[in-house]
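Working notes, beginning with the structure itself.
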Amino acid sequence: MGENRVARVAVDVPLAHLDRPFDYRVPEALVDQAVVGARVRVRFAGRLRDGFILELAETSDRAELLSLHTVVSPEPVLTPAVARLVRAVADHYAGSFSDVVRLAVPPRHGLTEKADPPAYPPADPTQPGATVLTGYPTGSALLTALRDGRSPRAAWTVAPRPDGLGDWKAGLLEAASATLDSGRSALLLVPDARDLKRLAERATARFGAGSFVTLSAESGPAARYRAFLAASRGLVRLVLGTRSAGFAPLPNLGLVALWDDGDDSWAEPRAPYPHAREVAVLRAHTSGCALLVGAHSRTAEVQRLVEREWLVPLGLSPAQARGACAVVRVAADGEHALDRDPLARVARVPHQVFETIRSALAIGPVLIAVPRAGYHPVVACAGCRDIATCPTCSQPLVDTAGGRPACRWCGPPLQPWSCSTCGGHRLRTPVAGVTRTTEEFGKAFPGTRVVGSSAETPIEVVDDRPAIVLATPGAEPIARFGYAAAVLLDTGALLRRPDLRASEEALRRWLAVTALVRPADEGGTVLVVGEASERSLQALVRLDPVGFAGRELVERSEAGFPPAAKLVTIEGELPVLDEVRVSLALPSGVEAQGPFATGSSEGLGRLTVRCSLAQGAALVSAIRTLLATRAAAKVEGPLRVRVDPQVI
DNA sequence: ATTCGGACGGCC
DNA sequence: GCCGTCCGAATT
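So this is what it looks like as structure tokens:
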């Protein structure tokens, strides 16, 4: 067989036991096109299937080889570095190469590929931007290391303020700039399209228009593929993107930076459900690039990497942070139904909230963070605020879309409702949506502009004139010069969520709101309505997300949850899961719980398997082997495996 | 003798 | 998955 006439092909087959390369002969006519990374079509089990050339070789172990059927295009879309990352991610999540490669390489867009690429002027990092990282201890050392071509890894805890030390976008661009200076490329990742747009605006100002690309699934197939090609062809050295851009092919990658790893949009909803933070970690590991994980808060996962000394901490002390940010105070969520002031009566908030808003309005806009409508669809008595229950079965009544409260089991109550505690007849929704609360604040502050921003009707920016801005989580507008104050209403609603990460997530959101408020020396205040003894609330008041994450990690360790333990859930039909539990020869130290019915659908259930981190890789590999064996034996019953799932 | 079909093994 | 093959039973 001639020179490089064997192509190792990753064939797109969904079967777990066929998750390995297959050799094909490269026919004479395709020699020029059959390059490493090219998309091909091959005959596999009698059918034509898609695949990628992983490598070219001179010989094969096998005597007889089929020929490549077609080279779809000679464009090398799957580089060896990305192929290694895809394999590592698949192995980590007990998934297959073909599943992960679908997340890594966007669908081909033929016209875009054939068209002349636009001109990409070089990113000009000589324009000095604001220096942010140097304001942090060891920040200068990080930049120097990047500039010198080294690969530091850091967990950057960003001070929650709107500008200066809180300007995380400038910090990421600064790190990128230092990396570009070393002759390498950089990848900056943000959780959503809104952040991407804002980061891109800053990147344009710093590096010049067109000197970088943004890579996101939301930009449509053509634009997405054009940006992908600009990266893989080495036409740009700076890529900004969202979740799937974590796999972006960049020659000579020097840095991956990821903003706010606690955001739930980092969790990929498609199998094998990789988390972008872990993809970035695996990328730094497999390609030896630098890693910068920045956030106002700190996840237990990042805390673990810091404690293992795999990430270096980069942040202010809590005392330094308090000196640089808004002051945070707690208002007890007391018996305000009896309060005299109009806001307390109308919107059910403590008197202190009214005072804070009134004084802050004198110097600027005020943000009111309200829990998302629908968090608690339950209804309560307007008199005593007790939860309203069904007169027939005593289950909580819920607020239906039609506006009439009803019991989930018995339907709308037949006779007029009366409160079983105080005998009252009027009902109200305890957590009002933005629209409703907007009206209430309008009444309490006559003459003040009141605007609402929610996911459905978001507002991007507000100016510095006094206004009350009500916003649901994630839809908070930016105030051009920072809010004079922010009020976090009903913090208990977030904390009461039946979720392992409820308090971590709550602190993350509150710090994000704090970051929109002016620092204390400019009069900025954050008022939190809630239970002052809550650990997450105390961490907010002290601006100490690191201390919080340390204790959070200890708790996860005691409870046997990720990232302190390896936890895998397997979902499928209950009898199938019984078989799985038996056939998974569990080594000692590996526990299994269930299978339990999930209630999501008839006959479906979940089996949870957990073990120490030391045994984690062996457990995941054993589960993968089980999937392969089952697929090879054609055992019926689909299974869904999640490694370290984000929500349990 | 020939054809049909269902099960099983392998997929380069 | 899906295809090919192999073997037994049904059909001529």
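In my numbering, the protein residues as written are 1 to 648. C-beta: ideal position from N, C-alpha, C; glycine also.
Asked, Found
"Going by DSSP, what residue range makes up the alpha helix (DSSP H) through alanine 324?", "318-324"
"Mind the definition here: the region 213-224 touches the region 143-151 only if three or more C-beta pairs lie below 8 angstroms; say whether that holds.", "no"
"Have a look at Leu574, Phe247, Leu180, Val100 and flag the residue whose alpha-carbon is nearest the alpha-carbon of serine 211.", "Leu180"
"With 16 other CB atoms within 10 Å as the buried threshold, where does glutamate 174 fall?", "buried"
"Helix, strand or coil for lysine 566 per DSSP?", "strand"
"How about the region 76-92 and the region 196-204: do they share at least three Cβ pairs that are nearer than 8 angstroms?", "no"
"Determine the burial state of threonine 299: buried for a count of at least 16 other Cβ atoms within 10 Å of its Cβ, exposed for fewer.", "buried"
"Taking a contact to mean a Cβ-Cβ separation below 9 angstroms, would you say leucine 627 touches valine 643 in this structure?", "no"
"Spatial neighbours of serine 612 within its chain, please: C-beta separation below 8 angstroms, excluding the five flanking residues on both sides.", "Ala565, Lys566, Gly589"
"Quick check: what's the CA-CA separation for asparagine 4 versus alanine 276?", "35 angstroms"
"If you draw a straight line from the alpha carbon of glutamine 646 to that of arginine 233, how long is it in whole angstroms?", "35 angstroms"
"What is the residue span of the alpha helix (DSSP H) that arginine 630 lies within?", "613-632"
"If you count every other CB in all the chains shown that lies within 10 Å of the CB of proline 251, and 16 or more means buried, which is it?", "exposed"
"So within the region 69-157, which uninterrupted beta strand (DSSP E) runs reach at least 3 residues, ignoring any that extend past its ends?", "70-73, 153-157"
"What did DSSP end up calling serine 453 once you bin it into helix, strand or coil?", "strand"
"Sort Leu66, Thr242, Glu28 by Cα distance to arginine 43 and report the nearest one.", "Leu66"
"Straight-line CA distance for leucine 586 to histidine 17?", "21 angstroms"
"Identify the continuous beta strand (DSSP E) that holds arginine 39 and give its terminal residues.", "39-44"
"Let's test the definition: count the other Cβ atoms within 10 Å of the Cβ of phenylalanine 207 and tell me whether it reaches 16, buried, or not, exposed.", "buried"
"Pull up the distance between the alpha-carbon of proline 466 and that of glycine 95, whole angstroms please.", "53 angstroms"
"Distance, Cα to Cα, valine 349 vs leucine 488?", "11 angstroms"
"Give the range of the alpha helix (DSSP H) segment to which glutamine 352 is assigned.", "351-361"
"Three or more C-beta pairs closer than 8 angstroms, one from the region 469-485 and one from the region 443-453: is that the case here?", "yes"
"Mind checking who leucine 292 pairs with in its DSSP beta bridge?", "Ala154, Ala257"
"Going by DSSP, what residue range makes up the beta strand (DSSP E) through serine 185?", "185-189"
"Taking the DSSP output, what are the residues bridged to tyrosine 24?", "Ala7"
"Could you tell me whether the Cβ atoms of alanine 485 and threonine 356 are closer together than 9 angstroms?", "yes"
"Hey, how far is the Cα of threonine 134 from the Cα of serine 140?", "5 angstroms"
"Is histidine 425 helix, strand or coil by DSSP?", "coil"
"Assign threonine 214 to one of three DSSP states: helix, strand, or coil.", "strand"
"Closest by CA to aspartate 499, which one among Arg606, Ala245, Asp264?", "Asp264"
"Please report the residue range of the beta strand (DSSP E) in which glycine 594 lies.", "591-597"
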